[in-house]
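Report on one structure; see the data block that follows.
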């Protein structure tokens, strides 16, 4: 337990479908990690407090007064403690000064990170909870090219993908795309899923075909997605490729639109940092490459890095 | 039974979710009509033949040799008899000469209408089954402004909306928009439905708001639809208006895109014929008006009119 003894902070990245807990040392390094499928939509049998205590079990025996910072959908209306939003442009200073403390017990306080919102005149509002902390983590010391003061564009693939631009160290603008959820409901519940054969295998050539088709098309998405069915009916798309083709159409739409909106140009001379890991991240890397955009990987454990930076800025830990 | 005695043709408009049967006289007037929810996706306990005989029950007792023409998804792979496609541009001549006869019994033959397809070089294929017959019905004598030889643009609202242009009496081009199905799956299965209160009442102001918002926006649809959630979270959209707002966004997207694609201009100086009836048709009328486009109603019983025209052109009935 030597390593756990050196812990100075617990960070909770608590989202819709999962909870990730990190114990960090005074250099911001991850000493121990736990995870659970008990996202806020899961049945919390004993409530969020019991889940929190079970998932972080053991750490408090050794470190009874370790501070805790939490971010993600746990701060939403259906979460544990609803925090307000900090409006863009803003960054680590605003997030650190607006932490919402909540006493779980006389000896344990969780500091909840506020989500961020954006509400342009004449436009529609957008919101995020959790992604702001990951971006702060990407900008933390040690991630030199992305250090505070830097500018850049980030994508966070997911059920609701976020594109976030950073300017002078602040989150400047962000947009949510419902790409992952639209793909899931079309695949599971629409006629487009009827002809699909999905084996959970590696990404097929259907994905690149879909991305390329969408990058080249000005047709409405409501029309273009129907081609995943007609190409299959015409035997020009294999049953095992249809789902990947549809995924490619949607991710291609997202990449094209985001690059136009954020970059203001469509010449492919750009770089985007992909925050995340796993198969979905690979899809975005492929789609960005097809659009002529250089993709850079984000540092690992971005959320934990963000928790550490915010906690230090707020004076919860030394340094 | 006098009127039934005058029948010269049975027309079957047999789609995915319903079957409509019409008995027509020698002027193409509807003498009698039947309908059933036994579309091709319904469980056909005794098969399509038994459903056909039950729904048309009585007509054959009086008119044992009346000819039958059928169109719609009943001619698809999952239907009764799969017919090939006639490619655009084409019209009544090609549809009449390509009828697919099928003997239900020694005394009864159903003549199935071919669907139509479109497969532009470098584009993606599109298909329809049933709508071609309705368009022929809209062009039939008696619908003077739309008579054979006319040009025009038609929209057929539905699960899969079709936009169809007619030139010199032929169906010239058509595009399918998955508007209705995308709305249904987002409402039923995505996070966008969570905050919705839907009482099945009349269309709320949310619909016009959604149409107008979409007509004015260049944002990706994958992003714009998320505003049905955020506007509600920000108390700027009533729970009872959210579903209509989303419907407005999607129909607004369809109208804007189709007018650009078909009209080649975006000046609102256009007219579109809406084929169909009921509440969904009203939505399209409202959306077209907001886009500055004049909407004309199609003649009633367009499918039956189409069956009559095709049957006469094919020599199945005199005239």
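Residue numbers (full-length UniProt numbering), protein chains in the order written: chain E, 1 to 319; chain Z, 1 to 319. Ideal placement from N, C-alpha and C gives every residue a C-beta, glycine not left out.
Tell me whether residue i is buried or exposed, calling it buried when 16 or more other Cβ atoms sit within 10 Å of its Cβ.
i: residue 384 of chain Z; result: This structure gives no information on residue 384 of chain Z, because the portion of chain Z shown stretches from 1 to 319.
i: residue 298 of chain Z; result: buried
i: residue 315 of chain E; result: exposed
i: residue 236 of chain Z; result: exposed
i: residue 219 of chain E; result: buried
i: residue 56 of chain Z; result: buried
i: residue 13 of chain Z; result: buried
i: residue 329 of chain Z; result: Residue 329 of chain Z lies beyond the range of chain Z shown here (1 to 319); nothing can be said about it.
i: residue 76 of chain Z; result: buried
i: residue 144 of chain E; result: Its pLDDT being 45, under 50, residue 144 of chain E is placed unreliably by the model, and nothing is read from it.
i: residue 244 of chain Z; result: buried
i: residue 190 of chain E; result: buried
i: residue 216 of chain Z; result: exposed
i: residue 266 of chain Z; result: Interpretation of residue 266 of chain Z is limited by its pLDDT of 48, a score under 50 that renders its predicted location unreliable; no figure is taken from the coordinates.
i: residue 35 of chain Z; result: exposed
i: residue 283 of chain Z; result: buried
i: residue 198 of chain E; result: exposed
i: residue 312 of chain Z; result: buried
i: residue 193 of chain E; result: buried
Can you pull the chain E residues whose beta carbon is under 7 Å from the beta carbon of residue i, in chain order?
i: residue 182 of chain Z; result: 222
i: residue 124 of chain Z; result: 227, 230 and 231
i: residue 191 of chain Z; result: 181
i: residue 178 of chain Z; result: 222, 225 and 226
Am I right that residue i and residue j are in contact with their C-beta atoms under 8 Å? What's the rounded C-beta distance?
i: residue 178 of chain E; j: residue 233 of chain Z; result: Actually they do not touch by this definition, with Cβ atoms about 15 Å apart.
i: residue 286 of chain E; j: residue 207 of chain E; result: 7 Å
i: residue 72 of chain E; j: residue 11 of chain E; result: Contact doesn't hold; Cβ gap of about 10 Å is too wide.
i: residue 248 of chain E; j: residue 210 of chain E; result: 2 Å
i: residue 113 of chain E; j: residue 133 of chain E; result: 5 Å
i: residue 90 of chain E; j: residue 171 of chain E; result: 6 Å
i: residue 293 of chain Z; j: residue 270 of chain Z; result: 5 Å
i: residue 127 of chain E; j: residue 230 of chain Z; result: 6 Å
i: residue 85 of chain E; j: residue 117 of chain E; result: 4 Å
i: residue 214 of chain Z; j: residue 253 of chain Z; result: 5 Å
Can the beta-carbon of residue i be found closer than 8 Å to that of residue j?
i: residue 242 of chain Z; j: residue 157 of chain Z; result: no
i: residue 317 of chain E; j: residue 96 of chain E; result: no
i: residue 324 of chain E; j: residue 102 of chain E; result: The requested residue 324 of chain E does not occur in the structure, where chain E is confined to residues 1 to 319.
i: residue 185 of chain Z; j: residue 186 of chain E; result: yes
i: residue 130 of chain E; j: residue 305 of chain E; result: no
i: residue 81 of chain E; j: residue 104 of chain E; result: no
i: residue 325 of chain E; j: residue 291 of chain E; result: Coverage of chain E is limited to positions 1 through 319, which leaves residue 325 of chain E absent and any answer about it impossible.
i: residue 204 of chain Z; j: residue 169 of chain Z; result: no
i: residue 386 of chain Z; j: residue 258 of chain Z; result: For chain Z, the structure presents residues 1 to 319; residue 386 of chain Z sits outside this window and is missing.
i: residue 183 of chain E; j: residue 246 of chain E; result: yes
i: residue 308 of chain E; j: residue 31 of chain E; result: no
i: residue 115 of chain E; j: residue 83 of chain E; result: yes
Identify the contact partners of residue i in chain E, using a Cβ-Cβ distance below 8 Å as the criterion.
i: residue 250 of chain Z; result: 222
Strictly below 7 Å CB to CB, what residues from chain Z border residue i?
i: residue 185 of chain E; result: 185, 186, 189 and 190
i: residue 175 of chain E; result: 223
List, in order along the chain, the chain Z residues whose C-beta lies closer than 8 Å to that of residue i?
i: residue 245 of chain E; result: Those within 8 Å of residue 245 of chain E in chain Z number zero; the least Cβ separation is about 11 Å.
i: residue 257 of chain E; result: 219, 220, 222 and 223
i: residue 127 of chain E; result: 230 and 233
In chain E, which residues lie with their C-beta within 9 Å of the C-beta of residue i?
i: residue 254 of chain Z; result: 220, 222 and 223
Does the beta carbon of residue i sit closer than 8 Å to a beta carbon anywhere in chain B?
i: residue 124 of chain E; result: Considering every chain present, this structure includes no chain B. Its protein chains are E and Z.
- Item | the stretch 45-52 of chain E in contact with the stretch 5-20 of chain Z per 3-pair CB rule at 8 Å | These segments do not touch.
- Item | Three or more C-beta pairs below 8 Å linking the stretch 32-46 of chain E and the stretch 14-25 of chain Z | no
- Message: Would you call the stretch 210-229 of chain Z in contact with the stretch 159-179 of chain E, where contact means no fewer than 3 C-beta pairs closer than 8 Å?
- Response: yes
- Query: Quick one: any contact between the stretch 84-101 of chain E and the stretch 52-65 of chain E, if contact means 3 or more CB pairs under 8 Å?
  - Reply: Using a Cβ-Cβ distance cut-off of 8 Å, the stretch 84-101 of chain E and the stretch 52-65 of chain E are not in contact, since fewer than three pairs of beta carbons, one from each stretch, lie closer than that value.
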